[in-house]
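Novice:
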Amino acid sequence: MRQALPLLQLRRFPAIRRRRLETLQVNLGYRCNQSCVHCHVNAGPTRTEQMDPATIESVLDFLAASRIPALDVTGGAPELHPLFRELVARARALGAKVIDRCNLTVLEQPGMEGLADFLAAQQVEIVASLPCYTPQLVDRQRGRGVYEVSIRVLKKLNALGYGAADSGLVLHLMYNPQGPSLPPAQAPLEADYKRVLGEEHGIRFNRLYTLANMPIARFGSMLLSKGQFEAYMTLLERSFRSENLEAVMCRSLISVDWQGYVYDCDFNQMLGLPLHVGGKPRVKLAELLGRDLEGNPVVVRDHCFGCTAGQGSSCGGALNP
Numbered sequence: 004m005r006q007a008l009p010l011l012q013l014r015r016f017p018a019i020r021r022r023r024l025e026t027l028q029v030n031l032g033y034r035c036n037q038s039c040v041h042c043h044v045n046a047g048p049t050r051t052e053q054m055d056p057a058t059i060e061s062v063l064d065f066l067a068a069s070r071i072p073a074l075d076v077t078g079g080a081p082e083l084h085p086l087f088r089e090l091v092a093r094a095r096a097l098g099a100k101v102i103d104r105c106n107l108t109v110l111e112q113p114g115m116e117g118l119a120d121f122l123a124a125q126q127v128e129i130v131a132s133l134p135c136y137t138p139q140l141v142d143r144q145r146g147r148g149v150y151e152v153s154i155r156v157l158k159k160l161n162a163l164g165y166g167a168a169d170s171g172l173v174l175h176l177m178y179n180p181q182g183p184s185l186p187p188a189q190a191p192l193e194a195d196y197k198r199v200l201g202e203e204h205g206i207r208f209n210r211l212y213t214l215a216n217m218p219i220a221r222f223g224s225m226l227l228s229k230g231q232f233e234a235y236m237t238l239l240e241r242s243f244r245s246e247n248l249e250a251v252m253c254r255s256l257i258s259v260d261w262q263g264y265v266y267d268c269d270f271n272q273m274l275g276l277p278l279h280v281g282g283k284p285r286v287k288l289a290e291l292l293g294r295d296l297e298g299n300p301v302v303v304r305d306h307c308f309g310c311t312a313g314q315g316s317s318c319g320g321a322l323n324p
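Just so you know, the working numbering puts the end of the sequence shown at 324, numbered straight through with nothing missing.
1) Rounding to the nearest angstrom, what Cα-Cα distance links ILE219 and GLU203 in this structure?
2) When the Cα atoms are used, what is the spatial distance from GLY315 to ALA188?
3) Got a sec, what are the start and stop residues for the beta strand (DSSP E) ILE257 sits in?
4) Taking the CB atoms as reference points, tell me whether GLU128 and HIS175 lie closer together than 9 Å.
5) I'd like to confirm the pairing. Which residues does DSSP put opposite ALA312 in its beta bridges?
6) When the Cα of PRO191 is compared with those of ARG23, ARG50, ALA321, which residue comes out closest?
7) Which same chain residues, not among the five before or five after LEU278, have their C-beta less than 6 Å away from its C-beta?
8) From this set, GLU249, HIS306, LEU63, which residue's C-alpha is nearest GLN272's C-alpha?
9) Specify the secondary structure class of ASP75 as computed by DSSP and reduced to three states.
10) Residues in the same chain with beta-carbon distance under 7 Å from ALA167, minus the five sequence neighbours each way, listed in chain order, please.
11) Please determine, among PRO113, ARG155, GLU60, the residue with the shortest C-alpha to C-alpha distance to LEU90.
12) Is MET54 helix, strand or coil when you go by DSSP?
13) Who are the near neighbours of VAL29 in its chain, counting only those whose CB is closer than 6 Å to its CB and skipping five residues on each side?
14) Buried or exposed, going by whether 16 or more other CB atoms sit within 10 Å of the CB of PRO48?
15) Which runs of the alpha helix (DSSP H) at least 4 residues long sit entirely within the segment 124-173? Give them in chain order.
16) Taking its Cβ as the centre, do 16 or more other Cβ atoms sit within 10 Å of PRO186, making it buried, or is it exposed?
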């Protein structure tokens, strides 16, 4: 869905440029076992897009040549890709930290047996979606029964050592609002999560990341259908903080889609706004081998206000909590 894109060019977002590349974020495909209303990828069980083996090889070639510190793997549910484990193991062998953007419930899907043990053995950092600590709100956003399964999976990850001090197994949770509002302050919300999940379920985790809903794709379409799009965009623009420009993720990250094309971030990926380099309309990752992107302009539109509003928002949580 791109019907929001023409409405994302009415304001003027500041120009920004790239710094040194630190994270390679790779979308393995749009297939997911869930269909969440806020999903900016429009992922779901019926999606068939999937990265092919040759493109996965180009990801590994790029990691080997560039020595980027982190590989951030996302989807859909990236674990459903048949080469997910091979990609993780080979990236780890190259010395990269691997981050798995996990919806938790996928770990109980058929064929995922042993996946949690694999992630622990490879010391994969897990960023797990849990948009609230109450079952009612989680199930409203992600589907009936999702909270119960998520808690069960979190307990399994804890049993493997995830979230424990000095275990080396990092488990972060990800929060996003239920509707067209900014996330609350990250630190006190994290304290609430730890208190409730600890007292009621004995669950531990490292950090809570808060992420603003972006006015694109499925969430953007919902805003348009309810007549809330302009009000949400006004909220984002009025909440803009210039200091957040220093920490936005697009300055040190590139996003690769399932076909191997490169974008400044995964939100631009979903809007079909490719990275601009060398005068080409779009480039594949393999074409960037040996190329320094530092100083390259970032492609911006009005949805970028979502990353710079209030405390800021990124795949690593609040920018200035």
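Using N, Cα and C, we set each Cβ at its ideal position, and we do this for glycine too. Bear in mind that the values here come from a model prediction, so they are computed numbers and not experimental data.
Specialist: According to the structure data:
1) Taking the sequence shown and counting its residues from 1, one reaches residue 219 at position 216. Taking the sequence shown and counting its residues from 1, one reaches residue 203 at position 200. Across the structure, ILE219 and GLU203 are spaced so that their CA atoms are roughly 35 Å apart.
2) What you label residue 315 is simply residue 312 of the sequence shown in a count that begins at 1. What you label residue 188 is simply residue 185 of the sequence shown in a count that begins at 1. Each residue's CA atom was taken as its position, placing GLY315 and ALA188 some 10 Å apart.
3) For the purposes of this step, residue 257 is taken as residue 254 along the sequence shown, with counting starting at 1. First-last of the beta strand (DSSP E) with ILE257: 256-259.
4) If you number the sequence shown from 1, residue 128 lands on position 125. If you number the sequence shown from 1, residue 175 lands on position 172. Their beta carbons are under 9 Å apart, which means GLU128 touches HIS175 by this criterion.
5) Translated into positions along the sequence shown, residue 312 becomes position 309. The partner list for ALA312 (beta bridge, DSSP) reads PHE243.
6) Translated into the one-based positions of the sequence shown, residue 191 becomes position 188. Closest option to PRO191, Cα to Cα, is ALA321.
7) As a first step, residue 278 must be located in the sequence shown, where it is residue number 275. The residues are VAL265, TYR266, ASP267.
8) Sequence index remark: in the sequence shown, residue 272 carries index 269 (1-based). Nearest option by C-alpha distance: HIS306.
9) Residue mapping note: residue 75 aligns to position 72 of the sequence shown, counting from 1. Three-state DSSP puts ASP75 in a strand.
10) For this step, residue 167 is matched to residue 164 along the sequence shown. For ALA167, the CB contacts under 7 Å within the same chain, skipping 5 residues up- and downstream, are ARG207 in chain order.
11) Here the question's residue 90 lines up with position 87 in the sequence shown. Looking at the Cα atoms, GLU60 is the closest of the given residues.
12) Residue 54 sits at position 51 when you count from the first residue of the sequence shown. Correct three-state label for MET54: coil.
13) Translated into the one-based positions of the sequence shown, residue 29 becomes position 26. If we look at VAL29 and ignore the five residues flanking it on each side, its Cβ neighbours are VAL62, VAL76, VAL259.
14) Within the sequence shown, the letter at position 45 stands for residue 48. Flag for PRO48 reads exposed.
15) List check, alpha helix (DSSP H) in window: 138-145, 149-162.
16) Within the sequence shown, numbered from 1, the residue matching residue 186 stands at position 183. Around the Cβ of PRO186, a 10 Å sphere holds 16 or more other Cβ atoms; the residue is buried.
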